[in-house]
Amino acid sequence: MPNCRSISTGANDMTALNAEIGAVTDRMITRSKPTRDAYLALIQHERDHGLERPSLGCANLAHGYAGTDEDRDAMRPGSAMNIGIVTAYNDMLSAHAPYYRYPEQMKVWAREAGVTAQVAGGVPAMCDGVTQGYPGMELSLFSRDTIAMSTAIALSHGLFEGAALLGICDKIVPGLLMGALRFGHLPMLLIPGGPMRTGLANKAKAAVRERYAVGEASREELLDAEIAAYHGKGTCTFFGTANSNQMMMEMMGLHIPGAAFANPGTKLRQELTRAAVHRIAAIGWQGEDYRPIGQCIDERAIVNAAIGLLATGGSTNHLIHLPAIAACAGIVIDWEDFDRLSKVVPLIARVYPNGAADVNQFEDAGGMPYVIRELLGEGLMHGDVLTAGGATMADFGTKPDIANELLKWSDPGPSKDDTIVRPAATPFSAEGGFRILAGNLGRACIKVSAVDRDRWTIEAPARVFSTQQQVQDAFQAGELDRDVVVVVRFQGPRANGMPELHKLTPPLGVLQNKGFRVALVTDGRMSGASGKVPCAIHSSPEALGGGPLGKVRDGDVIRLSAETGELVALVDPAEWAARDFAPAPAPAVGMGRELFALMRAQANEAERGGSAMLAAMGW
């Protein structure tokens, strides 16, 4: 690569893999063999016999080249790679606003590498931070499948021998990957834009939210705090789904090493993007280092992504998204795999809401290069993955920097702050941050990395709701000032699109601060912002259509225990069996929700991805 030095390899690829990680991976390989074999046959067929640019008709090519005055002559022979850029740019999302000028810059950098680039298409990119608590949030999960289909449309023209995927936030990265994997014979990289600079500390922001929830802060004070926290271009600085996406892309080898958390507008960010364009050109099928994305994302890469979530306390949304990504590559991962991995993967990072630090402080303390080096060194992740962005997985254990105008990588050294990242040998916790719960209320997930151990088990009477607003109204009326398990049902994929329930975080936090034993049980989502309150989420099967949450009544004592893996209503079995299911609310209309009725009606369970598209594909 021009203006780059060689990537040094700081971690040891030869460390013996942890036996349980190996066993979970083998279980996935065995379970996935029929579908993975079919997938690999598909992408091999596409490579050998699929549509290639030189075979397109002259009129087809002319249409494809008509808008490319500068590169048309280079494109005509069809002998050099043409990179398709799939972009999630809009300036309503702070994280995606930096992508505005990326395509024009990337075209210049492509020419440096002797190839060309075109914007193949755009994908929608909505913001959970804007829509949370409002009707638009009910489109959020299904926007992922819309993004996947949009990605497929962008790459369907047969004009591209590689692709660059520009997206960062919650559903965007999973959707881009799901669509891209159907073109798995192409080399591809994810290109992030980085986090915004640090503003108001996340903990201070949360404190103002809780004060507002009890009437001790004005709306103006709350708005001032929120704008001080979310103040510029880049991802939000807490470790929610967006930043967990970037962590996973590093763990899977799908970035240029260390690209996750360099800030927008810096020389380092620019050079990492430049290196990504050059790298895509270098791993095409006409060279000697062909690395198609469908081969890079295998069972080992999926396991690495799951390990990253556990080791860093990442977003629970990926208990839905990672199975969906895997399915598009013919791989089956289930919640038992996460649960087994969690028992052997240590928690070695604390980033808000699992700690006080934001992602910028995490990066300064060592960031993903430190985490990956530590995990590789202790045999806690696969080092033999076919990486797209570096020569080997060990490259992702090195940290990028600019020296003398050149991009270089080096060992990240020791932790710069052991309250944020620690060696794998001396972790914050010997186990990861997730547990799977099961019982007569179905299967659910709980994130415990930010929950005090004395609250891992909650046993209290239930109060049952069907909407977030009902919970807030009861809170304001003082009806929840007691030990309580708040049950919010009819929030699953088929009921209303499985929205995030973030607006419940402040009132539940207030109740816990008052000393009450409080928990949430829901078939909806509560991701990286869930924090200190124990939340059993993604309850499956969901209430709509006969899931057990439909039988819960006010006053039923519910036991939720991350210690024992229980999620049970302590109701006499005979009475439980005889109970009728609560009637479901009528489907909501407005804000475009009716357009997604088909997706809701056909969606599969959360553990399988919460997707109508995957269900129709036989997943």
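Heads up: the sequence shown is residues 682 to 1300, going by the numbering used here. We treat Cβ as the ideally placed atom computed from N, Cα and C, and that holds for glycine.
Nearest-angstrom beta carbon gap, residue j and residue i [assumed within contact, 8 angstroms]
i, j, result
"LEU723", "GLY839", "Wrong, their Cβ atoms sit about 16 angstroms apart, outside the cutoff."
"PRO1268", "ALA1278", "7 angstroms"
"MET762", "GLY1070", "That belief does not hold up - the Cβ atoms of MET762 and GLY1070 are roughly 16 angstroms apart, past 8 angstroms."
"VAL1102", "SER1096", "5 angstroms"
"ALA791", "ALA962", "7 angstroms"
Three-state secondary structure assigned by DSSP to residue i
i, result
"GLY745", "helix"
"ASP809", "helix"
"ASN998", "coil"
"GLY802", "strand"
"THR916", "strand"
"ALA845", "strand"
"PHE942", "coil"
"PRO1108", "coil"
"THR696", "coil"
"GLU1160", "coil"
"GLU1181", "strand"
"THR922", "helix"
"LEU1295", "helix"
"ARG1031", "coil"
"ALA1010", "coil"
"ALA1255", "helix"
"CYS1037", "Strictly speaking, residue 1037 in this sequence is Ala, with Cys absent from that position. Coil, per DSSP."
"VAL1152", "helix"
"ALA791", "helix"
"ALA1069", "coil"
"GLU1288", "helix"
"THR1100", "coil"
"TRP1300", "coil"
"GLY691", "The predicted position of GLY691 is uncertain, since its pLDDT is 40 and thus under 50; no value can be drawn from it."
"ARG1206", "strand"
"VAL1132", "coil"
"ALA1005", "helix"
Distance CB(residue i)-CB(residue j) smaller than 8 angstroms
i, j, result
"GLY934", "PHE1043", "no"
"VAL1145", "ARG1163", "no"
"LEU846", "LEU871", "yes"
"VAL1249", "ASN1121", "yes"
"SER775", "LYS914", "yes"
"THR696", "LEU1057", "yes"
"GLY1246", "ARG1116", "yes"
"ALA1125", "ILE1218", "yes"
"PRO784", "VAL800", "yes"
"LEU991", "LEU1022", "yes"
"LEU1003", "ILE983", "yes"
"ALA1005", "LEU820", "no"
"GLY1291", "MET1179", "yes"
"PRO816", "GLY1271", "yes"
"HIS1063", "ASN985", "yes"
"LEU1241", "ALA1200", "yes"
"ALA923", "ASP851", "yes"
"PHE942", "GLY875", "yes"
Residue span of the beta strand (DSSP E) that contains residue i, given as start and end
i, result
"ASP905", "Per DSSP, ASP905 belongs to no beta strand (DSSP E); it is in the alpha helix (DSSP H), 900-910."
"HIS1219", "1216-1221"
"LYS1128", "1123-1128"
"GLY1120", "1115-1120"
"LEU871", "869-871"
"THR1245", "Run containing THR1245: none; DSSP gives neither H nor E here."
"LEU1201", "1199-1203"
Per DSSP, the bridge partner or partners of residue i
i, result
"ASP1303", "Residue 1303 lies beyond the range of the chain shown here (682 to 1300); nothing can be said about it."
"ILE834", "DSSP output for ILE834 lists no bridge partner at all."
"ASN1304", "Residue coverage of the chain in this structure runs from 682 to 1300, which leaves residue 1304 outside it and unanswerable."
"PHE1262", "Beta-bridge pairing links PHE1262 to no other residue."
"LEU1192", "The partner list for LEU1192 (beta bridge, DSSP) is empty, contrary to what the question assumes."
"ALA1141", "ILE1239"
"LEU1225", "Paired residue(s): none; LEU1225 is not in a bridge."
"PHE649", "Given a span of 682 to 1300 for the chain in the structure shown, any question on residue 649 remains unanswerable."
"PRO876", "THR916"
Endpoints, alpha helix (DSSP H) assigned at residue i
i, result
"VAL984", "980-993"
"GLY975", "974-977"
"ILE724", "700-730"
"VAL1270", "Looking at the DSSP string, VAL1270 is not in any alpha helix (DSSP H), and its letter there is neither H nor E."
"VAL1052", "1048-1058"
"ALA956", "948-963"
"VAL889", "883-894"
"LEU858", "853-861"
"ALA755", "753-756"
"LEU1279", "1278-1283"
"ARG1021", "1016-1023"
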